[in-house]
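Colleague: The structure that follows is given in the form of structure tokens.
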């Protein structure tokens with residue numbers, strides 16, 4: 038190494054060592070400033086597609102010597118939900134005019150991570166753990182850093198509003214159904230009749246219905262619909278519907294709109310037909326695309342962390358004997374409506390009116 042280069046290297050090492058020494062002396066001799074979280078975060082929508090969060094902190098007990106070394110601060114902040122880094126932000130050149138002056142820190146929601154949050158939400162039985170934190174650097178080159186106190190809160194620990202809404206929709210079609218096969222005219226015009234109105238040859242009794250979460254990834258979510266079904270007719274009937282229609286809207290966003298046909302359901306279930314009088318518990322998996330999860334999340338925030346859920350389920354079976362469809366339920370599909378309110382950042386109670394059927398298996 039040339040002599041000049043060696044001298045430069047020694048000089049750089051000396052500067053670095055001096056900086057470390059100064060930092061060490063400051064940490065040892067000076068009382069560390071205090072950082073207090075005044076407001077963990079306030080939502081700030083930015084246009085139609087983006088969300089920001091503004092967090093307010095207060096810095097006190099800044100030693101005059103530390104202030105004399107540099108009157109500008111650097112702050113970094115983050116918000117995690119279920120371990121997913123949902124927002125980050127950094128603010129430099131903060132002027133601290135007086136002790137205890139509030140400082141606002143703005144973070145930007147990383148919307149591309151919202152599907153990951155949804156996946157952890159489902160896997161965590163619909164609970165969300167919010168964790169915030171960061172640090173403030175004082176003096177030139179950030180000679181002294183002080184952590185922003187971490188704030189933790191949990192919401193929906195004992196509630197499962199989404200799967201409860203879907204379970205209620207599935208249980209809402211519990212009924213006795215029959216196809217009047219007395220005449221071709223009846224098959225083509227009257228359609229479904231209640232038991233007791235005639236002696237049916239083809240019929241189903243849905244005794245119970247509910248839903249559970251299946252596999253979930255950031256890209257797709259599977260819901261398993263379960264039904265206790267009984268063949269009330271005189272001939273075997275399919276145990277797998279020709280059509281399974283499921284709808285779940287959250288704040289008007291069609292989060293879950295699935296129409297699974299019989300072929301895919303047969304492949305997924307491999308269920309044999311129901312013999313006359315046979316009772317069986319069947320399961321039908323339905324998969325949705327998560328592409329609209331972020332649109333729902335933005336609507337939830339803009340609505341004061343409130344969501345209205347509407348859900349419906351419909352089954353269509355086709356008799357192999359008569360070639361006629363049985364739609365369960367016939368006519369208008371009953372819709373379940375409920376709502377949920379969270380306190381992720383908004384200072385309010387987390388609560389929901391969504392409630393699954395009593396005694397629903399898990």
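Residue numbers (the working numbering): 38 to 399.
Where a beta carbon is used, it is the ideal one built from N, C-alpha and C, also for glycine.
Every value quoted in this text rests on a predicted model; they were computed, and no experiment measured them.
1) Do residue 278 and residue 203 have their C-beta atoms closer together than 7 Å?
2) Whole angstroms is fine: what's the gap from residue 159's alpha carbon to residue 99's?
3) What three-state label does DSSP hand residue 336 in the structure shown?
4) Based on DSSP bridge pairs, tell me the residues matched to residue 97.
5) Classify residue 97: buried if its beta carbon has 16 or more other beta carbons within 10 angstroms, exposed otherwise.
6) Is DSSP giving residue 331 helix, strand or coil here?
7) I need the DSSP call for residue 260, collapsed to helix, strand or coil.
8) Enumerated in chain order, which unbroken segments of the beta strand (DSSP E) with a length of 3 residues or greater are wholly contained in the segment 346 to 378?
9) Is the segment 108 to 115 touching the segment 80 to 88, taking contact as three or more C-beta pairs under 8 Å?
10) So, is residue 247 buried or exposed, given that buried needs 16 or more other C-beta atoms within 10 angstroms?
11) Three-state secondary structure (DSSP) at residue 213?
12) Quick check on DSSP: helix, strand or coil for residue 156?
13) Just mark residue 102 as buried or exposed, buried being the case when its beta carbon has 16 or more other beta carbons within 10 Å.
14) So, with DSSP's three-state summary, where would you put residue 395?
15) Beta-carbon within less than 6 Å of residue 356's beta-carbon, same chain only, minus the 5 sequence neighbours each way: which residues are those?
16) Does residue 328 pass the burial test, meaning 16 or more other C-beta atoms within 10 Å, or should it be called exposed?
17) If you run the structure through DSSP and keep just helix, strand and coil, what is residue 310?
18) How would you label residue 294, buried or exposed, when you count the other beta carbons within 10 angstroms and need 16 or more for buried?
19) What three-state label does DSSP hand residue 149 in the structure shown?
20) Return the first residue and the last residue of the alpha helix (DSSP H) that residue 275 is part of.
Modeller: Looking at the coordinates:
1) no
2) 44 Å
3) helix
4) 71
5) exposed
6) helix
7) strand
8) 362 to 365 and 373 to 378
9) no
10) buried
11) strand
12) helix
13) exposed
14) coil
15) 239
16) exposed
17) coil
18) exposed
19) helix
20) Segment: none, residue 275 is in no alpha helix (DSSP H) and carries neither H nor E.
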